[in-house]
Amino acid sequence: MTVIGQIRKGAYFDSVTLMRVGKEIAGRPGIVDAAVVMGTRANKAILEGSGLMIPSFENAGDTDLLVALKAKDRKAADAALAALSAQLSKAISPTDAAAEKASPHSLDGALKIMPDAQMALISVAGRYAGLEAMKALNKGLHVMLFSDNVPLETEIELKQLARKKGLLVMGPDCGTAIVNGTPLAFANVVRRGPIGIVAAAGTGLQEVSTIISNEGSGISQAIGVGGRDVKKEVGGLMFIEGIKALAADQDTRVILLVSKPPHPDVLKKIRAAMTRVKKPIVSLFLGAGQAGKDPQTLEEAALMAVELARGGKPKAVTDCDEGTAPQPLRKGQKYIRGLFSGGTFCYEAQILLGNTLRDLYSNAPTANARPLKNSLKSQKHTLIDLGEDEFTVGRPHPMIDFTFRNRRIQQEAADPETAVILLDVVLGYGAHPDPAGELREVIRKASRQVCVICSVTGTDADPQNRTHVVEALEAAGALVLPTNAAACRLAGQIVRQGRK
Amino acid sequence: MDHWSHGSLKSSTPTLQHSSTPSFELISIGDRVRPGRYTVHSRFRRVTNFIHGSELVFLAEESVGGGPLTLLARGADLPAIDRLEISDERLATSRETILLNGIARYISSVEWEKAPAQPSRAKIEELKRRILLEAHPGSMAFLLRHGPQKPSSSEFDRTLAQRLTDGARLLQNALAYNHPTCLARGIQTLKGCGKGLTPSGDDYLAGCLTALHSIPEIKRRKKEKLIRRIEHLSEGNNPLTNAFLRMAGECRLFEPMKLFIEAFSSGGKTELAAGVRRILAHGETSGADWATGFVMTLESMTLGRNN
Chain A
180 MTVIGQIRKG AYFDSVTLMR VGKEIAGRPG IVDAAVVMGT RANKAILEGS
230 GLMIPSFENA GDTDLLVALK AKDRKAADAA LAALSAQLSK AISPTDAAAE
280 KASPHSLDGA LKIMPDAQMA LISVAGRYAG LEAMKALNKG LHVMLFSDNV
330 PLETEIELKQ LARKKGLLVM GPDCGTAIVN GTPLAFANVV RRGPIGIVAA
380 AGTGLQEVST IISNEGSGIS QAIGVGGRDV KKEVGGLMFI EGIKALAADQ
430 DTRVILLVSK PPHPDVLKKI RAAMTRVKKP IVSLFLGAGQ AGKDPQTLEE
480 AALMAVELAR GGKPKAVTDC DEGTAPQPLR KGQKYIRGLF SGGTFCYEAQ
530 ILLGNTLRDL YSNAPTANAR PLKNSLKSQK HTLIDLGEDE FTVGRPHPMI
580 DFTFRNRRIQ QEAADPETAV ILLDVVLGYG AHPDPAGELR EVIRKASRQV
630 CVICSVTGTD ADPQNRTHVV EALEAAGALV LPTNAAACRL AGQIVRQGRK
Chain B
432 MDHWSHGSLK SSTPTLQHSS TPSFELISIG DRVRPGRYTV HSRFRRVTNF
482 IHGSELVFLA EESVGGGPLT LLARGADLPA IDRLEISDER LATSRETILL
532 NGIARYISSV EWEKAPAQPS RAKIEELKRR ILLEAHPGSM AFLLRHGPQK
582 PSSSEFDRTL AQRLTDGARL LQNALAYNHP TCLARGIQTL KGCGKGLTPS
632 GDDYLAGCLT ALHSIPEIKR RKKEKLIRRI EHLSEGNNPL TNAFLRMAGE
682 CRLFEPMKLF IEAFSSGGKT ELAAGVRRIL AHGETSGADW ATGFVMTLES
732 MTLGRNN
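Chains A and B are the protein sequences, given in the same order. My numbering puts the first residue of the first sequence at 180, with every later residue one more than the last. My numbering puts the first residue of the second sequence at 432, with every later residue one more than the last.
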């Protein structure tokens with residue numbers, strides 16, 4: 180066994196960066212243990228206690244960074260130390276400020292670097308975001324407002340000004356968009372093509388755009404407007420402007436609209452705007468469409484748009500048989516536990532399952548579900564939106580950090596009443612670089628007790644590669660369905676079959 | 432809550448006066464910022480720490496929030512600023528000078544006498560539950576969990592967790608049962624313990640100091656003596672944590688802590704949840720470590736025998 184170490188002076192990192200780097204290095208082949216800590220007396224005592232102390236550390240001070248590695252042999256230790264040095268250099272080491280210097284610190288600074296910019300992506304604290312967005316609009320720029328917690332009156336003011344100037348304000352709380360082929364924020368690498376999307380549902384936009392791309396068609400523009408746009412107060416200002424923009428866009432031949440149900444007054448305005456457009460439009464207002472006439476799921480809406488773009492007639496996708504459980508349910512196993520990272524998926528699942536299952540509960544309930552008393556404890560059929568504020572403030576979004584969801588999967592799998600665990604896995608920019616790696620072990624264990632069903636939102640061109648992720652999840656024991664709707668249908672079928 | 436309102440920034444958008452057009456806007460200046468010629472101590476993504484002797488100031492982006500030693504800036508090119516010259520009238524960097532007349536002053540003190548009396552057990556339990564629910568898994572919040580902890584595969588992490596557990600237990604026993612030897616041992620065990628430039632143990636001690644200020648039942652002289660002793664025993668060779676502990680000892684709070692205290696005092700579950708989220712978003716694990724120290728001390732002092 181070899182223990183080697185290094186003292187780095189003047190290198191300051193936050194604790195989470197050091198934890199992450201330490202964990203990554205400890206997972207390398209031949210490495211038994213690793214620690215990256217400040218050289219305080221207490222930390223030296225811990226290094227001593229865990230067999231990671233080397234004599235030179237005695238001279239280190241409280242503000243020196245100590246790197247310690249225990250390895251099976253010297254070769255593995257040296258390789259890990261080199262990798263660790265590279266990791267620390269890559270981590271945001273503010274003493275190496277070159278990268279930050281390249282980044283402008285104001286809108287004016289950004290415009291100096293790119294004077295012909297047409298759009299500003301704003302992601303600052305919500306209370307200041309409105310001011311920055313206003314500056315951008317006054318400079319003639321479209322705005323994508325990633326920030327949330329922007330006051331409603333500010334949103335209205337911004338959108339009214341934008342409409343007056345013929346500009347778009349996408350957001351606030353707009354997590355995804357694709358503009359001229361460029362994915363922005365949480366978005367996927369999709370084919371370019373004839374279908375333009377306006378969406379007031381972030382993961383809904385990701386789901387339809389990837390289904391379209393995987394079906395061989397493509398996206399001209401995808402405009403997210405933020406979920407609040409279709410509320411009564413905002414009046415669908417940007418949703419309607421988005422429709423107009425796509426109507427005028429030469430590359431767009433079919434328009435696809437996706438939203439949770441707008442306020443009835445807003446829906447009237449949107450429908451009026453739709454009648455003024457000559458291009459074919461597919462509209463999905465989740466839970467508000469007419470069965471048999473309008474699409475009922477994201478999957479159905481996306482496939483209808485693809486058919487229209489190909490010059491065909493849209494087909495219904497409902498009532499198809501998705502398969503059966505890999506093993507019979509055990510006695511007492513009767514409930515679905517859905518753990519979603521995408522809010523739209525949780526919403527869609529409630530609509531699909533609420534039509535056929537009683538006793539459906541959620542922390543973000545629709546008309547089809549009842550409110551969950553305690554979001555940490557499931558009741559009967561439970562669908563949880565893990566992207567809700569109660570789970571995300573103070574910790575990364577569940578699409579990035581799987582810690583909390585993995586813990587909950589274990590909890591649900593241990594419940595003798597759980598029959599199916601339903602999961603969404605969202606790929607693309609911004610999402611976790613290796614979701615299958617994060618889920619593999621927990622699915623492997625859970626699938627011994629219950630049926631684990633996943634849908635994977637993404638494409639093979641995404642950084643994570645959809646096919647690789649699907650294969651890894653299947654190898655771990657999950658049933659992987661192509662869409663959230665299909666996954667929900669299968670989950671419903673399994674518990675209904677189990678009841679018989 | 433109006434009884435805390437004096438602690439907020441006096442005005443949200445002060446008029447900026449400057450000798451020439453400055454490249455950034457100074458939003459507020461902390462009430463414990465001392466004049467001096469400061470040089471860079473350390474840099475993080477949103478904050479640059481400057482030092483002058485034993486004095487520190489933090490030049491921070493607006494999203495960080497105000498603080499007793501914080502110069503809160505909007506649009507500052509932090510990596511490009513490597514010195515600060517602060518006088519009563521002006522702030523100078525190597526590039527520009529900003530006049531401080533008209534800049535909001537962040538008031539970091541808290542009117543504890545307006546805080547409600549001893550919190551109920553139910554409220555403390557709710558606070559613990561909230562912290563546990565939302566804290567970073569690498570923080571000290573694991574100390575609030577009942578039952579056995581999930582063992583880490585790393586010997587170092589297991590030893591670190593054990594040391595933090597031992598230190599916290601010693602300190603809390605000392606506070607609950609007025610045991611001076613345990614107090615010193617607990618602090619020595621926690622001090623400097625943890626990863627990052629501000630180790631978890633030091634943030635925990637700062638939370639402990641703030642909680643002691645908040646308990647009206649402890650007699651003033653006894654409280655002051657206890658706080659001074661903890662502060663003295665906690666002092667180490669890291670100027671950054673020394674500054675944080677000194678501020679906590681004087682009960683000078685950073686904005687996330689003040690918002691948390693307001694929320695905890697206000698009574699409602701919704702406000703408490705919001706306050707916990709705000710404190711947990713402070714630093715990477717610092718807010719969670721601080722909140723763990725705060726709630727454990729509150730529990731020991733109010734439910735123990737030492738009041």
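No residue lacks a Cβ here, since even glycine has one placed at the ideal position from N, Cα and C. Since the model is a prediction, treat every value here as computed from it, not as a measurement.
Along the segment 233-247 of chain A, the positions whose C-beta sits under 8 Å from a C-beta of chain B are GLY240, ASP241, THR242, ALA247, read in chain order. Here SER665/B has ILE618, LYS622, LEU636, LEU676 as same chain residues with Cβ atoms under 6 Å from its own Cβ, once five neighbours each way along the sequence are excluded. Judged by beta-carbon spacing, VAL369/A lies within the 8 Å limit of ILE357/A, meaning their Cβ atoms are closer than that value.
Residues of chain B whose Cβ lies closer than 8 Å to the Cβ of ILE225/A are, in chain order, PHE587, THR590, LEU591, ARG594, CYS624. In this structure, the straight-line span from the alpha carbon of GLY184/A to that of PRO362/A is close to 42 Å. The bridge partners DSSP lists for HIS442/A come to none. Around the CB of HIS611/A, 16 or more other CB atoms lie within 10 Å, so the residue is classed as buried.
Here PRO550/A carries a strand assignment [DSSP, helix/strand/coil].
Take ILE622/A, set aside five residues on each side of it, and the residues of its chain with a beta-carbon closer than 7 Å to its own are VAL631, LEU652, ALA655, GLY656, ALA657, in chain order.
Its chain contains ILE563, LEU565, ARG584, ARG587, ILE588, GLU591, ILE600, LEU601, LEU602 as the residues whose beta carbon lies nearer than 8 Å to that of LEU518/A, once the 5 sequence neighbours on both sides are disregarded; these appear in chain order. The way I'd put it, the segment 648-661 of chain B doesn't touch the segment 550-570 of chain B; fewer than three beta-carbon pairs between them come closer than 8 Å. For ARG187/A, the beta-bridge partners assigned by DSSP are LEU244/A. DSSP places PRO687/B inside the alpha helix (DSSP H), whose first and last residues are 686-697. DSSP lists SER473/B, PHE489/B as the beta-bridge partner residues of ASN480/B. A residue is called buried once 16 or more other Cβ atoms fall within 10 Å of its Cβ, and MET727/B is buried on that count. Secondary structure within the segment 582-619 of chain B: the alpha helix (DSSP H) runs of 4 or more consecutive residues, fully enclosed, are 586-608 (chain order). Chain order gives the chain B residues near ALA205/A as SER584, SER585, where near means a beta carbon separation below 8 Å. Rounded to whole angstroms, the gap between the alpha carbons of ASP568/A and ARG199/A is 24 Å. Under the Cβ criterion of 8 Å, ARG619/A is not counted among the residues facing chain B.
In the structure shown, the three-state DSSP call for ASP634/B is helix. Closest by C-alpha distance to GLN266/A, out of LYS411/A, GLU620/A, ALA205/A, ASP641/A, is ALA205/A. Within the model, the alpha-carbon separation for LEU643/B versus GLY381/A is close to 45 Å. Cβ-Cβ distances below 7 Å link GLY598/B to GLY617, THR620, LEU621, CYS624, GLY632 in the same chain, with the five nearest sequence neighbours on each side left out; the list follows chain order. Of the residues assessed, TRP721/B falls on the buried side of the cut-off, its CB having 16 or more other CB atoms within 10 angstroms. Within the segment 533-564 of chain B, LEU564 place their CB atoms closer than 8 Å to a CB of chain A, listed in sequence order. The criterion of a C-beta distance shorter than 8 Å is satisfied by ALA308/A and SER326/A. Here PRO441/A is buried. Its C-beta has 16 or more other C-beta atoms within 10 Å. The alpha-carbon of TYR608/B is positioned some 27 Å away from that of SER717/B. DSSP, reduced to helix, strand and coil, places ARG370/A outside both helices and strands of the structure shown, so it counts as coil. DSSP places PRO362/A inside the beta strand (DSSP E), whose first and last residues are 361-364.
In this structure the segment 450-458 of chain A lies against the segment 418-435 of chain A, because at least three pairs of beta carbons, one per stretch, are closer than 8 Å.
In the DSSP assignment, THR561/A forms a beta bridge with ARG516/A, TYR540/A.
Under the 8 Å criterion on CB atoms, ASP212/A is classed as interfacial with respect to chain B. Two segments are said to touch when three or more pairs of C-beta atoms, one from each, lie closer than 8 Å; by this definition the segment 548-557 of chain A does not touch the segment 685-697 of chain B. Beta-carbon to beta-carbon, SER438/A and ALA378/A are separated by about 7 Å, close enough to satisfy the 8 Å threshold.
Within the model, the alpha-carbon separation for ASP212/A versus PHE587/B is close to 7 Å.
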